[in-house]
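Residue numbers (the working numbering), protein chains in the order written: chain E, 10 to 308; chain Z, 10 to 308; chain A, 10 to 308; chain W, 10 to 308; chain G, 10 to 308; chain S, 10 to 308. For every residue, glycine included, the Cβ atom is placed at its ideal position computed from N, Cα and C. Since this is a predicted model, take the numbers as computed values, not measurements. Down below is the structure, laid out as structure tokens.
Number of protein chains: 6
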Amino acid sequence: MSTKPTRNEAKEIALESYIIQTEPFYLSQKDEVELFEAAYMEKIPVLLKGPTGCGKTRFVEYMAYRLGERLTTLKPKTKAERDGNGHKGIPLLTVACHEDMTGGDLVGRYLIEEQGTRWIDGPLTRAVRFGGICYLDEVVEARKDTTVLIHPLTDHRRILAIEKRGTIMEAHDGFLLVISYNPGYQTALKDLKQSTRQRFMALEFGFPPKELECKIVAHESGVGEEVAWQLAKLGEKVRHLKDHGLQEGVSTRLLIYTGKLISRGIAPRRACQVAVVDALTDDHEAQQSVQEVVNSIFA
Amino acid sequence: MSTKPTRNEAKEIALESYIIQTEPFYLSQKDEVELFEAAYMEKIPVLLKGPTGCGKTRFVEYMAYRLGERLTTLKPKTKAERDGNGHKGIPLLTVACHEDMTGGDLVGRYLIEEQGTRWIDGPLTRAVRFGGICYLDEVVEARKDTTVLIHPLTDHRRILAIEKRGTIMEAHDGFLLVISYNPGYQTALKDLKQSTRQRFMALEFGFPPKELECKIVAHESGVGEEVAWQLAKLGEKVRHLKDHGLQEGVSTRLLIYTGKLISRGIAPRRACQVAVVDALTDDHEAQQSVQEVVNSIFA
Amino acid sequence: MSTKPTRNEAKEIALESYIIQTEPFYLSQKDEVELFEAAYMEKIPVLLKGPTGCGKTRFVEYMAYRLGERLTTLKPKTKAERDGNGHKGIPLLTVACHEDMTGGDLVGRYLIEEQGTRWIDGPLTRAVRFGGICYLDEVVEARKDTTVLIHPLTDHRRILAIEKRGTIMEAHDGFLLVISYNPGYQTALKDLKQSTRQRFMALEFGFPPKELECKIVAHESGVGEEVAWQLAKLGEKVRHLKDHGLQEGVSTRLLIYTGKLISRGIAPRRACQVAVVDALTDDHEAQQSVQEVVNSIFA
Amino acid sequence: MSTKPTRNEAKEIALESYIIQTEPFYLSQKDEVELFEAAYMEKIPVLLKGPTGCGKTRFVEYMAYRLGERLTTLKPKTKAERDGNGHKGIPLLTVACHEDMTGGDLVGRYLIEEQGTRWIDGPLTRAVRFGGICYLDEVVEARKDTTVLIHPLTDHRRILAIEKRGTIMEAHDGFLLVISYNPGYQTALKDLKQSTRQRFMALEFGFPPKELECKIVAHESGVGEEVAWQLAKLGEKVRHLKDHGLQEGVSTRLLIYTGKLISRGIAPRRACQVAVVDALTDDHEAQQSVQEVVNSIFA
Amino acid sequence: MSTKPTRNEAKEIALESYIIQTEPFYLSQKDEVELFEAAYMEKIPVLLKGPTGCGKTRFVEYMAYRLGERLTTLKPKTKAERDGNGHKGIPLLTVACHEDMTGGDLVGRYLIEEQGTRWIDGPLTRAVRFGGICYLDEVVEARKDTTVLIHPLTDHRRILAIEKRGTIMEAHDGFLLVISYNPGYQTALKDLKQSTRQRFMALEFGFPPKELECKIVAHESGVGEEVAWQLAKLGEKVRHLKDHGLQEGVSTRLLIYTGKLISRGIAPRRACQVAVVDALTDDHEAQQSVQEVVNSIFA
Amino acid sequence: MSTKPTRNEAKEIALESYIIQTEPFYLSQKDEVELFEAAYMEKIPVLLKGPTGCGKTRFVEYMAYRLGERLTTLKPKTKAERDGNGHKGIPLLTVACHEDMTGGDLVGRYLIEEQGTRWIDGPLTRAVRFGGICYLDEVVEARKDTTVLIHPLTDHRRILAIEKRGTIMEAHDGFLLVISYNPGYQTALKDLKQSTRQRFMALEFGFPPKELECKIVAHESGVGEEVAWQLAKLGEKVRHLKDHGLQEGVSTRLLIYTGKLISRGIAPRRACQVAVVDALTDDHEAQQSVQEVVNSIFA
């Protein structure tokens, strides 16, 4: 395995595929951009709290792009840049956590190949090694052996133990761990332990205010301003229904779907029915409540 | 493993085996065809809701055939087409989910062979790579690590992380994820999380109305119009019994079975008994209720 | 692995070992033979319902033999037949399901051998590939990943997905899936889902009537007609005790055991005690009730 | 793997190690010997019921020895016999079942060796292949996939499916399956299913009567007749205490231990204390009750 | 693997590492030494009952040393002895059982090495093969498949089935199985089954009386007689507190720790606090009760 | 694998990476430093009890550094030292335990490589082999098979059984096992068994007193004395709220985060909100209580 000069290059190209090339569309709600920048500079791990589809993933993508643009010193040098082709962002490695995910999925594993075994870095290791943001979405869903990885990376040590290789890796200066979770979901079984939690600064997210959401829906779905405003109003009103049989408010994403269907010529009420009413719930009473809101807006 | 020119061809042939060659028999109930087409054009993932045997699988097959016919630009070019043999549909990869199914079953795995290991795409990866519909039937039955795959494929990112290979794949423009589930079955343990659910537009399905079902039964079982009408009537009446000890109404499929047995010379009442009454339930009281309906129709 | 001409032959010989060579002893109770034949011709999957030891397995063996005799067109050609040696039945592959059985046990697996790995068809795949009946005994005991296999084989698709090989196999025209279960056993946890159940026509079995059982016991155990009649009477009476502390009625099999012991010179009452009374239950009161029935018959 | 002539011989020698060479000491209680012989001749599987340490294992060993002596036609020919050295018994393969035992432990497995993999028969397969008794001790403790093995071996088929090799083996004429269980232990979770149970004739065992137990204790421990009688009396009395805080009566084995300690010069009361009182229970009240019985006998 | 003459020697050296070379410090409480010797001579398996840290492990070590000294005939000959260097004890193989321990951990496993696989005896197999005591500490913690190993080794058969190799091994004459458990811990889930329990003679252990414990503490910790006496008094008094919020009495080991700290110059009250009070419990009330006892002794 | 002279060196370098090179910043609270030194000299295993983020990990790092400086005789000689480059500390191997961690993760495993398998010491084995502190953080989270490793290492035997290699290793004189746990977390399921617990001397930790914490916050975050004092006051007050809806008091680490954000120019109240209030809890009432404390200090 010694004479394979192309391998390191291959790795670097893979890293570049995690760099966001074009600025994501993001409209900031408060001072979350400044706080995140301060956290990144101070190497304070960040916890994002908020409901489904309110824009947490998009925010991290935006920050990865923006930080890369500003912090050229912290950003890892990619081959393309050394060749003079500037890439804007710093690498972002997003992992949607789930209850069968183990630490090995984050750190890496050995692949058996023709010429023996080859080690493949997991997403966390890649971020630690080359610098970049590792974003663990819905972290409480992961199995508990992720703890062993997160803890030494989120205190003064900033190290990652790669048990399978018997080594310890110090994190790149540009590395930051970001996790998210939805406080509405937590149960006794699936909660962040205090010993994990108290390693993160927390940013709380909610749905965007109506004016902002209107702009987002218009931009993403292609509908005109009037329809976008109606959809933003729908979003606001449906979220007020949350305690009346709805498990969660409607996400901005579903409003965008509705806009897209309307752009395609589907009648607004029918578009709302399939992309909001029936998408949100199976409960007939709850469906009726939402449909009434729809009817009141799209008279 | 470098000098095996036949391998790519082999893959493509495999893909073609997922293309539906002849138009499936499907009679539309409402505007579900138009809505699905709009969703496919807008890349909005689709959730099909409805009871057992009401035709969800058949609908997806029909749409895969129909979309392939209309959307030649989105459809992947197969070798046969390049050779001048037109295939109609776009690929459809159906997976019946179950509680032991893991993400690996969807994404793919390494096979150990004589000359080393060989990667085999799972059905989801095939659809993402070449374009096509991946249909996850009864998705809530799958293990939760499917979440990690579904989420990035069903938002603005449209990417599939192939952890075992350490790569990320952007979805083909012709890719669409479709899932189904039966709201009657859901329990607290097996429910679609809101963070998953709010990534799909929803189409609700029911059993076909009597006139439509009569046509379907006649077409599929070969019985004459009169018997088909009697069977459709039986279907309608048995579904009204649902709250009287029956877990679920009778499916169109069982009515077709009954028709086939009658075509083979089995007496109608006896055919109904084995293919409807005893097939539906083991409860003697419920069996008697259904049998009475049978007797009232096949006097 | 290319120059092993004997391998295919080996497979075929293995298939022949699933063909029943001599007519099984079976006395039909109602029209179950005609119904099964119609189902086989129409490719309608069959569900057999009935208590332990009432003859379901024997019935399937009889049908496999009988259908092979009649349906020479559907029956796969074996090497022996091509050589002029007629085999009567169509292949029957019986699987006693259990809670550790996975889909892999049905579909097949790779064996590691000296020259690499070799694929071995599971019983279901063998039946699908070459034609024949695959009989899943007590199917509800199997793990739920069998669902993924059963569903596409039991609707209009009739296909088997062999995930480990990345292929799909269309069922041979002579393939039929037969499953059985005992309604007396079902619990909420182990029940056939409606989405599975509504893919089968159902044949209900009970214990044979006294006259028939007398003939069976005499034929199988070698006792004279008088003793056989006494044992058949014992069977009938014990089954009436079922609600008085007995979990299930006595099977025909146990009556045959008793007859065999009597043939060997064991006193009838003692034979009944070890092969019926103590075999049925550990509960002393229930044992006493059954023993009283024994004593009243073998005075 | 072709040029290893010693391998078959090695297997046969292994088989001979399961043949009991000297007559086990067994004193019959009732007609169990005759019944077992009839069952063996008629190929009726046998279920032994009875409490811990009452002699079930010893009985099976005795029958294996005795049947080999009488039934030279059914007994497999071993190499030693062909060489003129008579071995008395038929092979006995005993398996103490437990909750982690799987079907693979009974049937066999592939071993990975220098020259590739080698198949090793499990105990059940050995008995099926060469003839002999396979004795599954406390069968309800085994995992449920043993069912798939036991069922086809215990009805008219008498076949063993060796899934891992893709073959079916017909049982040798000298094969018999014997299982045991202790009715006192059964719970709802760990019970013999009726579909399994009704495949066996049942022999019930209890502790030997006092006169018999006295002979056994004297023979096995080397104490004189007087002490043996005292110990047999102790056994009888302690078993009457069973409902007064003792989970189970004292086994003959513990009485033999006590006799052995007394032979070694330990004072009888102290020997009873360590080998009966403290061995039976940790409950201080129950210990006291048993000790009082000890004191009344060894005054 | 045939020409490796050093391998057997390697094994023997490994065995010698289980032989205790210097006499363990043990002060006998009652007649446990005589009883254990009688059990070893008569091959009666031994169960040690008693609380944490009361000296069970030390007792077994002492007996292994002492028996080797006395019973030169039963003791296996080691290479060193053949060379004239006497080793005193017989081998002692101690296993701390736990709930993830399987039978394979006791029996042995195949290791994959450069030249193929190599079998490594587990501790139980080593003791069975070469003679010696195998001591299973807290046996009820082990998984239930250990039963299959223990049962045939603890009745008249004295055999060990090595399933993975398909062989049976008769125990060396010098082999004895010793198990321990703490009756205070047992729950319904983790209890010795009667069918296992009634294979052992039982020796009950308690904490040593004050005079004895004083000698032990002085000998092991190096404190003078006065402090040792105070610590022994502390032990006795704390054990009387057991029902007042303490789960278990203080072990001799903790008293020795305290003595060692005092020897190092830590003030006695502070030494008692960290090595007894805080070591025993987290409950503040219970801590206070114990601290009061400490204060009353170390005024 | 014989001619790789660089391997041992590689191991030693790896060991050196566990040696702390610069003195950690630690301000002692009581006599914990003296007690730990006495324990290390006397080889008494140590249990650290205390809440999240109170400095347990930092304390162990400090002790590893300090002991290496003082105890040159016990410290293992590293290659660097032999070359004249002094390293201060003794090795510290920290493991954050979790519920999927097995004994194998601590002891080591075989890696499959091109030239066969290679053994890799786990962190516990490394500490046992070369001397050093192995620190198992939150040990109760680990699976129970760690018991088998911990027990013989924490009594008079001081041995580690490496089952997979079939060997036993005596601990280096400089080895010490340290474990920690948080008494506030313990449940019936996850508690230290007394048989494990009574092998350790216990050191109880709390949060540092206000004066000390002020110094730490100033040193670590770079804020001036006034702000540091305000933050220390905040810490003290929030910890008094613990019973009013807060699961645990605020850690020193979160106070340091707050200081860092303030240094970066974030307004103190906002910094407190994201790094203390929202980081601690999702409960709105609890958040309000903490925010009021913040407001009272940063008026």
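Do you know offhand how far residue i's Cα is from residue j's?
i      : j      : result
F216/A : E172/G : 42 Å
W128/G : G231/W : 40 Å
L201/Z : H181/S : 54 Å
A47/A  : R273/E : 50 Å
S26/E  : G117/Z : 21 Å
T134/A : N191/G : 53 Å
D292/S : V299/S : 11 Å
L101/G : V137/S : 22 Å
L279/W : K219/G : It should be pointed out that residue 279/W corresponds to Arg in this sequence rather than to Leu. About 25 Å.
M72/S  : H228/S : 20 Å
A151/Z : C106/Z : 5 Å
I29/W  : K52/W  : 21 Å
F214/G : P60/S  : 37 Å
L255/E : T66/S  : 45 Å
I168/Z : L56/S  : 47 Å
A276/W : V285/A : 49 Å
Whose Cβ in chain E lies nearer than 8 Å to the Cβ of residue i?
i      : result
A295/S : Near A295/S there are no residues of chain E at all, since even the closest Cβ is about 12 Å away, more than 8 Å.
R206/Z : A288 and L289
How would you write the range of the beta strand (DSSP E) that residue i sits in, first residue to last?
i      : result
F184/W : F184 to Y190
T103/A : L101 to A105
Name the chain W residues whose beta carbon is nearer than 7 Å to that of residue i?
i      : result
A211/G : V283, D287 and A288
Can you name the start and end residues of the alpha helix (DSSP H) that residue i belongs to?
i      : result
M50/A  : E41 to E51
E229/S : K219 to S230
Y144/Z : Here Y144/Z belongs to no alpha helix (DSSP H); instead the beta strand (DSSP E) covers G141 to D146.
Please list the partners that residue i has in chain E, where partner means a Cβ-to-Cβ separation under 7 Å.
i      : result
I177/Z : S26
List the residues of chain G whose Cβ lies closer than 7 Å to the Cβ of residue i, in chain order.
i     : result
L44/S : I275 and V283
Please list the partners that residue i has in chain A, where partner means a Cβ-to-Cβ separation under 7 Å.
i      : result
K322/Z : This structure cannot speak to residue 322/Z, because chain Z is shown only from 10 to 308.
T172/W : A small correction: the amino acid at residue 172/W is Glu; Thr does not occupy that position in the sequence shown. Near E172/W (Cβ distances below 7 Å), the residues of chain A are D114.
Taking residue i as the query, report the chain E residues whose CB atoms sit under 9 Å from its CB, ordered along the chain.
i     : result
G62/S : D164, Q203, S204, Q207 and R208
Hey, residue i and residue j are a contact pair by Cβ (cut 8 Å); roughly how many whole angstroms apart?
i     : j      : result
P54/A : L158/A : Not really, about 12 Å apart at Cβ, beyond 8 Å.
Determine the chain Z residues that contact residue i at a beta-carbon separation under 8 Å, and present them in chain order.
i      : result
R262/E : D164, Q207 and R208
So if I threshold CB-CB distances at 8 Å, which residues from the stretch 48-59 of chain A count as touching chain W? none
Tell me which residues of the stretch 224-243 of chain S have at least one Cβ-Cβ distance to chain G shorter than 7 Å, keeping chain order. none
Members of the stretch 154-166 of chain G near chain S, C-beta cut-off 7 Å: none
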